[in-house]
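In the numbering used here, the protein residues as written are 44 to 170.
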C-alpha cells in the first residue's frame, strides 16, 4: 500500500510530492482531516509538524472534513470541497469520501504547521 502525500508550505507557497509506503503508510490509516502528524510519518525530519487538510480516493472523489467515517456518500452540496456552484444558491448531489484515511485513499494533502531547521527546499532538491 502506498499514498501520494502532497506537502504544502504556506510560508513559500510551494508544494512537494512524496510517495509513502510500508510501515509509514500503515500508520496514516485511521487519521482524520485536521489531525496533526509528526514529520517522520512522511519521511521528513522529526522537528516538522504537518496537518492533514484533505485528499482523494482511488476513483478521484475528494475527502470532505464534515463527513464522518471512511465511507463514500452522495450528499447534496451547495459549495465547498467537491463542488463549486456556477450561480449563487445552486445545489447538486455529489459523491464524496469521509474524513478518515483508509486503504482506498490514494492522495493525502498536508500543510506544514511547524517548520524544522532544514528548509523543505533543501530536503526536496532533485538530484
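All residues carry an ideal CB built from backbone N, CA and C; glycine is no exception.
In the structure shown, residue 54 falls within a coil segment according to DSSP collapsed to helix, strand and coil. Within the same chain, Cβ atoms closer than 7 Å to the Cβ of residue 81 are found at 89, 92, the five residues on either side in sequence being excluded. For residue 136, the closest of 149, 142, 119, 68 by C-alpha to C-alpha distance is 119.
Beta-bridge partners of residue 96 (DSSP): none assigned. Here the segment 48-62 makes no contact with the segment 123-141; the two share fewer than three CB pairs at distances below 8 Å. Under the DSSP assignment, residue 163 falls in the alpha helix (DSSP H) whose first and last residues are 163-166. Distance from residue 112 to residue 152 at the Cβ level is roughly 19 Å; contact not present, criterion being Cβ atoms closer than 8 Å.
When DSSP assignments are scanned along the segment 70-136, the uninterrupted stretches of beta strand (DSSP E) that are 3 or more residues long and fall wholly within it turn out to be 79-81, 92-100, 115-120. By the criterion of a C-beta distance shorter than 6 Å, residue 45 is surrounded in its chain by 62, 64, 68, once the five residues flanking it on both sides are discounted.
When only Cα atoms are considered, residue 108 and residue 141 end up about 7 Å apart. Going by C-alpha positions, residue 159 is about 13 Å away from residue 86.
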